[in-house]
Structure formats: C-alpha cells, structure tokens
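I have placed the structure first, in the form of structure tokens, so that the comments after it can refer back to it.
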Amino acid sequence: MTILDLAKRYYPRLWDDRRLDMLVAAGQLTQEEVEEVKEGAHETAGDGL
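This is the structure in structure tokens:
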C-alpha cells in the first residue's frame, strides 16, 4: 500500500490537512495527489466510511 493509498483511506477521518501538508513537505505526496485525496473525500463523504 502506498502513501497515496493510505491518505485516501484515512483522510479526513484519521488524517487531517496538517498531516497531508507534512507528507507534501517530506516529499511523500505531491500537491496534485493531495487535491485528489481531498476531492475523493468529498465524493465519498456520505457513504459511512
């Protein structure tokens, strides 16, 4: 499982914006990947995950 997979799974329930920003600063995620994670979270916000 990649960092991107983990971010998609845990944002925003366990990982917040600050965690994503830290991953970008550490070179683990790109800003484009963060935007993808956030967009995906908004699409699945009502599915009980």
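If you count the sequence shown from 1, you need to add 16 to reach the numbering used here.
C-beta atoms are modelled at their ideal positions from N, C-alpha and C, and glycine is treated no differently.
Tell whether a beta-carbon distance below 9 Å holds between residue i and residue j.
i, j, result
"Glu52", "Leu20", "yes"
"Val50", "Leu36", "yes"
Go ahead and pull the three-state DSSP assignment for residue i.
i, result
"Tyr26", "helix"
Tell me which residue opens and which closes the alpha helix (DSSP H) that residue i is part of.
i, result
"Gly56", "47-59"
"Asp37", "33-41"
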